[in-house]
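Per our numbering, residue 135 is the first one in the sequence shown, and the count goes up by one each step.
Just so you know, even glycine gets a beta-carbon here, dropped at the ideal spot from N, CA and C.
A short worksheet on the structure shown next.
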Amino acid sequence: MTTPRAETAVALVPPVVPDRMRAAVYTKVGDPFTVETIDTPRPRATEVLIKVRACGLVPNTINQLDPPPMVQAPPLPAVYGLDPAGVVVEVGESVHGIDIGDRVYVNPLRYCGNCRPCRKGQPLACDYAALNGYFGTGPKSAEMVADYPQGGYAEYMVAPHYSVVKLPDNVSFETGARWGYLGTAYSGLRRAAVGPNTTVLINGISGTLGLGATLFALALGCSTILGVGRDAERLSRVRALAPDRIHVHTPTDERSTEQWARGLTDGYGADVVVDALPERSPATAFTAAAAALARGGVHVNIGGILDDVSISPPRIMTSNQTYLGSFWFTSEEGQEMSELAAAGLVDFEVFQHRIHGLGDIDAAMASLAAGDRDGGFTNVVIAPFGAAAT
Ligand SMILES: [Zn+2]
């Protein structure tokens, strides 16, 4: 029999989790968040407890706090917070393969595992689908939102075992708190089978989703990335990520996106068009990029464009094209992203982190709403234990 080494014995001592914790609570539509002391949640048998070190701040959260009819917000008072990253501090008795001390991202996608879409391997289409700490979108999401009412704007949160994505040591908690936006882009690229020998046009390339699509298109071996945007200075910084592989363009009356893209692809156009346009973009920005899609190509919409657009069924049919929408990503895809990051294939140094405390949520959202950010380069996170702790 051997005696455990001292450091192993120390590591086995579980962390002390306080019975009460600080959380940013949203009580009434229109009122500010208040930092309150509430009971620390405890994990059920198939859940883990996470000590939240950083949680992404979603720019349009402010709209969701007074939700439109198609989404189901948590009942108030609620603890929001969509994109948490942190450390596992407690593990439910039926959880296997997740250990105390693991550094993780919590995929907020909650699903039942039992409805027809879930049994077909389509959790994003689950009847109960909900994004924890944000809203639900399925016909029965209200039940799931009530079952998981608390997101990441708190010192601790529970997470079902299937939501846990392990983060490699070279991904900071602030970057981990960006996994939601990055994963939405990554899933779109994977569904369009992006890889070597694929040309990708990213519409809105310097925005939050567009920059993520660029980083992972590079990681997936994409040789030619065509970026469309409006801000010349930001476009040049995106191009500097890989000047031999990234080309950038601002549409003008003299040269359309289609003319430019076909000029760089021997006339073929882009194999994949990723639409990552912000919410208020005109429909013409969407259709201009659609015109640059190659025969046999795939057009993926991950962006926020709200207007209806015209499409040509004969053109789609005779060109053998595919149009698809992609709004989130699975934990499996999140883990693939971790593997690419661990291998050093993704350059996260581009992010400028802005770290705020639980009491700063309203001010941080107001500043984002006022446009105070450097496109997709800015990464705003809430750190419940403060900036130094991340
Ligand atoms: Zn389901």
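Task: For His-381, the nearest candidate out of Arg-371, Leu-360, Trp-394 (CA to CA) - done: For this step, residue 381 is matched to residue 247 along the sequence shown. Cα-wise, what sits closest to His-381 is Leu-360.
Open item on the list: If I measure Cβ to Cβ from Pro-175 and keep anything under 8 angstroms in the same chain, skipping five residues before and after, which residues do I get?
Closed with: For this step, residue 175 is matched to residue 41 along the sequence shown. Hits under 8 angstroms: Leu-183, Gln-284, Tyr-290, Met-291, Val-292.
Open item on the list: What does DSSP give as the partner residue(s) for Met-171 in the beta ladder?
Closed with: Translated into positions along the sequence shown, residue 171 becomes position 37. At residue 171 the sequence reads Thr, which differs from the Met that was named. Arg-156.
Task: CB-CB length for Met-499 against Leu-191, believed under 8 angstroms - done: To locate residue 499, count along the sequence shown from 1; it is residue 365. To locate residue 191, count along the sequence shown from 1; it is residue 57. Indeed they touch by this definition, with Cβ atoms about 7 angstroms apart.
Task: Residue environment, Val-238, which counts as buried when at least 16 other CB atoms sit within 10 Å - done: One-based indexing of the sequence shown puts residue 238 at position 104. By the 10 Å Cβ count, Val-238 comes out buried.
Task: Proximity winner among Val-279, Ala-219, Ser-390, relative to Pro-302 (alpha-carbon distances) - done: Locating residue 302 in the sequence shown gives position 168, where the first residue counts as 1. Of the listed residues, the one whose Cα sits closest to Pro-302 is Ala-219.
Task: Distance CB(Gly-346)-CB(Tyr-296) smaller than 7 angstroms - done: Taking the sequence shown and counting its residues from 1, one reaches residue 346 at position 212. Taking the sequence shown and counting its residues from 1, one reaches residue 296 at position 162. No, they are not a contact pair.
Open item on the list: Please tell me whether, using a cut-off of 6 angstroms, the distance from the CB of Cys-189 to the nearest non-hydrogen atom of ligand 1 is below it.
Closed with: The residue labelled residue 189 in the question sits at position 55 within the sequence shown. Result no, Cβ not under 6 angstroms from ligand 1.
Open item on the list: If contact is defined by three or more beta carbon pairs under 8 angstroms, each pair taking one atom from either stretch, is the region 324-342 in contact with the region 261-278?
Closed with: no
Open item on the list: Following a CB-centred definition, is Tyr-245 positioned closer than 6 angstroms to any heavy atom of ligand 1?
Closed with: Position 111 of the sequence shown, counted from the first residue, corresponds to residue 245. Within the cutoff, so yes.
Task: Nearest residue (CA-CA) to Gly-509, options Thr-342, Ala-426, Arg-389 - done: Reading the sequence shown from its first residue, position 375 is the one you call residue 509. Of the listed residues, the one whose Cα sits closest to Gly-509 is Thr-342.
Open item on the list: Gly-215 and Gly-286 - do their beta-carbons sit closer together than 7 angstroms?
Closed with: Here residue 286 is taken as the residue at index 152 of the sequence shown, counted from 1. Here residue 215 is taken as the residue at index 81 of the sequence shown, counted from 1. Yes, Cβ-Cβ distance for Gly-286 and Gly-215 is below 7 angstroms.
- [ ] Locate the beta strand (DSSP E) running through Leu-343, then write down its first and last residues.
- [x] Position 209 of the sequence shown, counting from 1, holds the residue named residue 343. Per DSSP, Leu-343 belongs to no beta strand (DSSP E); it is in the alpha helix (DSSP H), 342-353.
Task: Pairwise C-alpha distance: Glu-170 and Thr-418 - done: Your numbering for residue 418 matches position 284 in the sequence shown. Your numbering for residue 170 matches position 36 in the sequence shown. Looking at the two C-alpha atoms, the distance is approximately 46 angstroms.
TODO: Look up Phe-269 in the DSSP assignment and give the residues it is bridged to.
DONE: In the sequence shown, the residue the question calls residue 269 occupies position 135. Answer is Leu-265, bridged to Phe-269.
TODO: Assign Val-205 to one of three DSSP states: helix, strand, or coil.
DONE: Counting from one through the sequence shown, the residue named residue 205 turns up at place 71. Residue state, collapsed to three classes: coil.
Task: CB of Gly-438 within 7 angstroms of CB of Pro-416, strictly - done: Stepping through the sequence shown from its first residue, residue 438 is reached at position 304. Stepping through the sequence shown from its first residue, residue 416 is reached at position 282. No, Cβ-Cβ distance for Gly-438 and Pro-416 is not below 7 angstroms.
TODO: Could you spell out the range, first to last residue, of the beta strand (DSSP E) harbouring Ile-495?
DONE: Within the sequence shown, the letter at position 361 stands for residue 495. Unbroken run through Ile-495 is the alpha helix (DSSP H), 495-503; no beta strand (DSSP E).
Open item on the list: Just verifying my parser: in three-state terms, what is the DSSP assignment at Leu-440?
Closed with: Position 306 of the sequence shown, counted from the start, is the residue given in the question as residue 440. DSSP places Leu-440 in coil when its eight states are reduced to three.
Open item on the list: Cutting at 8 angstroms between CB atoms, please list the residues of its own chain near Leu-375, excluding the five before and the five after it.
Closed with: For the purposes of this step, residue 375 is taken as residue 241 along the sequence shown, with counting starting at 1. Cβ within range, chain order: Thr-348, Leu-349, Leu-352, Asp-481, Val-484.
Task: Alpha-carbon to alpha-carbon, Asp-365 and Pro-518 - done: Numbered from 1 along the sequence shown, position 384 holds the residue referred to as residue 518. Numbered from 1 along the sequence shown, position 231 holds the residue referred to as residue 365. Approximately 34 angstroms between the Cα atoms of the pair.
Task: Cα-Cα separation, Glu-141 to Pro-149 - done: Numbered from 1 along the sequence shown, position 7 holds the residue referred to as residue 141. Numbered from 1 along the sequence shown, position 15 holds the residue referred to as residue 149. Note that Glu-141 has pLDDT 47, beneath the 50 cutoff, so the model's placement of it is unreliable and the number below is only indicative. Each residue's Cα considered, the two are about 15 angstroms apart.
Task: Cys-356: CB within 6 angstroms of a non-hydrogen atom of ligand 2 - done: Absent from the structure shown: ligand 2. Ligands present: ligand 1.
- [ ] Figure out for me which residue from Pro-166, Val-147, Met-155 has the closest Cα to the Cα of Gly-493.
- [x] By one-based count along the sequence shown, residue 493 stands at place 359. When each option's Cα is compared against that of Gly-493, the closest is Pro-166.
TODO: Taking the CB atoms as reference points, tell me whether Val-362 and Thr-391 lie closer together than 7 angstroms.
DONE: Mapped onto the sequence shown, residue 362 falls at position 228. Mapped onto the sequence shown, residue 391 falls at position 257. Contact: yes.
Task: Leu-369 to Val-334 span [Cα, whole Å] - done: Along the sequence shown, one-based indexing puts residue 369 at 235. Along the sequence shown, one-based indexing puts residue 334 at 200. Cα to Cα, the separation comes out at about 16 angstroms.
Task: Per-residue DSSP class, three states only, for Gly-322 - done: To locate residue 322, count along the sequence shown from 1; it is residue 188. Here Gly-322 sits in helix by DSSP.
TODO: Measure from the C-beta of Gly-285 to each C-beta in chain D and report whether the shortest distance is under 7 angstroms.
DONE: Chain labels in this structure do not include chain D; a single protein chain is all it has.
Task: Ranges of the beta strand (DSSP E) found wholly within the region 205-250, counting only runs of at least 3 - done: 217-225, 237-240
Task: Residue closest to Ala-476, alpha-carbon to alpha-carbon, out of Arg-244, Arg-154, Val-159, Lys-300 - done: As a first step, residue 476 is located in the sequence shown; it is residue number 342 there, counting from the start. Selected option, being the one with the closest Cα: Lys-300.
- [ ] Measure the beta-carbon distance from Val-515 to Ala-311 and round it to whole angstroms, keeping in mind my assumption that it falls under 8 angstroms.
- [x] Residue 515 sits at position 381 when you count from the first residue of the sequence shown. Residue 311 sits at position 177 when you count from the first residue of the sequence shown. That pair is a contact at about 5 angstroms.
Task: 8 angstroms CB neighbourhood of Asp-99 in its chain, flanking five on each side removed - done: Look at the range of the chain in this structure, 135 to 524, and you will see that residue 99 is not part of it.
TODO: Return the CA-CA distance between Asp-405 and His-383, expressed in angstroms with no decimal places.
DONE: Indexing the sequence shown from 1 puts residue 405 at position 271. Indexing the sequence shown from 1 puts residue 383 at position 249. Their Cα atoms are separated by approximately 17 angstroms.
- [ ] Compare the beta carbon distance of Ala-425 and Val-407 with 7 angstroms and say whether it is the shorter of the two.
- [x] As a first step, residue 425 must be located in the sequence shown, where it is residue number 291. As a first step, residue 407 must be located in the sequence shown, where it is residue number 273. Their beta carbons are not under 7 angstroms apart, which means Ala-425 does not touch Val-407 by this criterion.
Task: Residue burial classification, Asp-217 (beta-carbon count within 10 angstroms, cutoff 16) - done: Walking along the sequence shown from the start, residue 217 turns up at place 83. By the neighbour-count rule (16 or more Cβ atoms within 10 Å), Asp-217 is buried.
Task: Alpha-carbon to alpha-carbon, Val-213 and Lys-162 - done: As a position in the sequence shown, residue 162 is number 28, starting the count at 1. As a position in the sequence shown, residue 213 is number 79, starting the count at 1. Using only the alpha carbons, I get a separation of about 12 angstroms.
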